[in-house]
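Numbering (my numbering), first residue to last: 31 to 549. Have a look at the structure below, then the notes.
Right under this line is the structure:
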């Protein structure tokens, strides 16, 4: 019985494979869950320290990928005949000495960045002013109150008043992004909810699992993001309570008044001085994409290429040294592209077009690696038939977990630029693994907007038809608990075999795909 259970999935795959081009079967059958597991165990090992862009762990991951490319005898197509496409990144991170000082009745209390307040970015500055509590982000002030804001530090509750009780977890990120823009105010300090998902503690957790912990990254050619019109932080309730103490009101009481009173009166506090002292550390570091080419077999079509992309970076370590291993995000996609490269190399017959294997860095830092590649492509975009991006393919999300469905994959963008691509995708899937192709996140109205959030988008921006393969969000997303022991390697194998068949079709298609705009 045990032997039957082990062999059964392989037998099913072989049955499906009967309709696949026989000249592609050797590579198709070479894709094995055990190979994917071996790659992923190395990529998520403690020695790689979470693979954060520009840090030693990312460098080790790049060397590992380049080593696999060299073993497979892929053609180097990067700087100095290596597999590396190096580029510099400018990093600005908030200095740990950044603090807020609250002084009341001659007593000073210090509050520190990361512990008592957080922010995406800041500048080198010191500002001091009296405080004012103004209600919510949409609380309207009369002209007299508005005039008194000059030189003050504004305290406000996150989100608009009308949405104050909307505590759905899906809205949390937007709640933390909310702010006010009051003329004359020198800083805005936002107060999160005291309970529910949008608490300060959760904001801290989100910061550690995002690009913000070690500061914004940008390439040399990228313009700095627009700064906030003034200093802007999310603060702990304890800090807000300290400022409010002299009024005799609690934070909970003030929030209740701001919610219930149509004409909420701002609370001006002149006997408490708030000083914000921010320092920023600036540095330039180097990182690299890793690029390998399998040359095409057709003399006329080998100048064109099919691109396989996956980002191999993750979030690194937090300030406590806890590693964010990034098994699903995106060790799984990285392992998948490595396995696909090996499968095409092992197949005796090579696709007519060249295959571009692009492993990007800096995806977790606002797509830096793919942005740099887009500005410095090794193969012109007008010679790329399609970009196939694998970003998180090793788990199942909460939606499918509830139904027990593991044989699915979200597909995003397959019909946005070329309808032909979507047709080829469905044919390749029907011939091979017969997965459920879920188009939920392909909807342009979907609030998550995943189409714009991974490396394929840089290809799409340049007119290249793309497919983004994605397993959805699970409970361990951007957390230290995204570990290799939770990956479903048999499922990964099925996804990779289906993508292999799609890649075979695209690599041998008799022309570039027709763009929807010309159909």
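Even glycine gets a Cβ: it sits at the ideal position worked out from N, Cα and C. Note that this is a predicted model, so its numbers are computed, not measured.
Proximity winner among the options, relative to residue i (alpha-carbon distances)
| i | options | result |
| --- | --- | --- |
| residue 132 | 523, 359, 342 and 273 | 273 |
| residue 468 | 169, 443, 536 and 482 | 443 |
| residue 126 | 440, 246 and 143 | 143 |
| residue 514 | 230, 354 and 310 | 354 |
| residue 68 | 488, 361 and 233 | 361 |
| residue 521 | 423, 472 and 485 | 423 |
| residue 394 | 408, 366 and 340 | 340 |
| residue 301 | 276, 292 and 310 | 276 |
| residue 365 | 79, 59 and 92 | 92 |
| residue 111 | 164, 147 and 321 | 321 |
| residue 303 | 130, 205 and 334 | 130 |
| residue 212 | 249, 60 and 186 | 186 |
| residue 287 | 331, 82 and 191 | 191 |
| residue 335 | 376, 157, 313 and 381 | 381 |
| residue 465 | 410, 105 and 532 | 532 |
| residue 397 | 249, 517, 292 and 295 | 249 |
| residue 510 | 409, 227 and 350 | 350 |
Buried or exposed (CB count within 10 angstroms, at least 16 for buried), residue i
| i | result |
| --- | --- |
| residue 435 | exposed |
| residue 477 | exposed |
| residue 203 | exposed |
| residue 538 | buried |
| residue 527 | buried |
| residue 31 | Low confidence applies to residue 31: its pLDDT is 45, below 50, so where it sits in the model is not reliable, and the reading given next is rough at best. Flag for residue 31 reads exposed. |
| residue 412 | exposed |
| residue 368 | buried |
| residue 529 | buried |
| residue 524 | buried |
| residue 57 | buried |
| residue 77 | exposed |
| residue 49 | exposed |
| residue 596 | Any property of residue 596 remains undetermined from this structure, which presents the chain solely from 31 to 549. |
| residue 391 | buried |
| residue 540 | exposed |
| residue 542 | buried |
Contact belief for residue i with residue j at Cβ below 8 Å, rounded distance in angstroms
| i | j | result |
| --- | --- | --- |
| residue 544 | residue 496 | About 15 Å; that fails the 8 Å criterion. |
| residue 281 | residue 267 | 6 Å |
| residue 251 | residue 484 | Actually they do not touch by this definition, with Cβ atoms about 21 Å apart. |
| residue 401 | residue 488 | 6 Å |
| residue 501 | residue 439 | 7 Å |
| residue 535 | residue 460 | With 8 Å as the limit, residue 535 and residue 460 do not qualify as a contact, their Cβ atoms being about 12 Å apart. |
| residue 371 | residue 102 | 6 Å |
| residue 338 | residue 264 | At roughly 39 Å, the Cβ-Cβ gap does not stay under 8 Å, so residue 338 and residue 264 are not in contact. |
| residue 297 | residue 119 | That pair is no contact at about 43 Å. |
| residue 385 | residue 403 | Actually they are not in contact, since the Cβ atoms of residue 385 and residue 403 sit about 16 Å apart, beyond 8 Å. |
Boundaries (first-last residue) of the alpha helix (DSSP H) holding residue i
| i | result |
| --- | --- |
| residue 92 | 86-101 |
| residue 389 | First-last for residue 389: 384-390, but that is the beta strand (DSSP E), not the alpha helix (DSSP H). |
| residue 344 | Segment: none, residue 344 is in no alpha helix (DSSP H) and carries neither H nor E. |
| residue 262 | Here residue 262 belongs to no alpha helix (DSSP H); instead the beta strand (DSSP E) covers 261-265. |
| residue 202 | 202-207 |
| residue 65 | 63-73 |
| residue 55 | 55-60 |
| residue 452 | 449-461 |
| residue 281 | 281-290 |
Within-9 Å CB hit, residue i to chain D
| i | result |
| --- | --- |
| residue 84 | Going by chain labels, chain D is absent from the structure shown, which holds only one protein chain. |
Boundaries (first-last residue) of the beta strand (DSSP E) holding residue i
| i | result |
| --- | --- |
| residue 141 | 137-142 |
| residue 115 | 114-124 |
| residue 499 | 496-500 |
| residue 413 | Element bounds for residue 413: n/a, residue is neither H nor E. |
| residue 300 | 297-308 |
| residue 133 | 129-134 |
Counting Cβ pairs closer than 8 Å, one from the region 168-183 and one from the region 211-228, do we hit at least three? With a cut-off of 8 Å, the region 211-228 and the region 168-183 count as touching, because enough Cβ pairs lie within range.
Hey, is the region 412-430 in contact with the region 494-508, meaning 3+ C-beta pairs nearer than 8 Å? Result yes; three or more Cβ-Cβ pairs closer than 8 Å.
Taking contact to mean 3 or more Cβ pairs, one atom from each stretch, closer than 8 Å, check whether the region 313-321 and the region 222-240 are in contact. Not touching, per the Cβ criterion.
So, does the region 80-95 touch the region 340-352, judging by three or more C-beta pairs under 8 Å? Contact between the region 80-95 and the region 340-352 is present, with at least three C-beta pairs closer than 8 Å.
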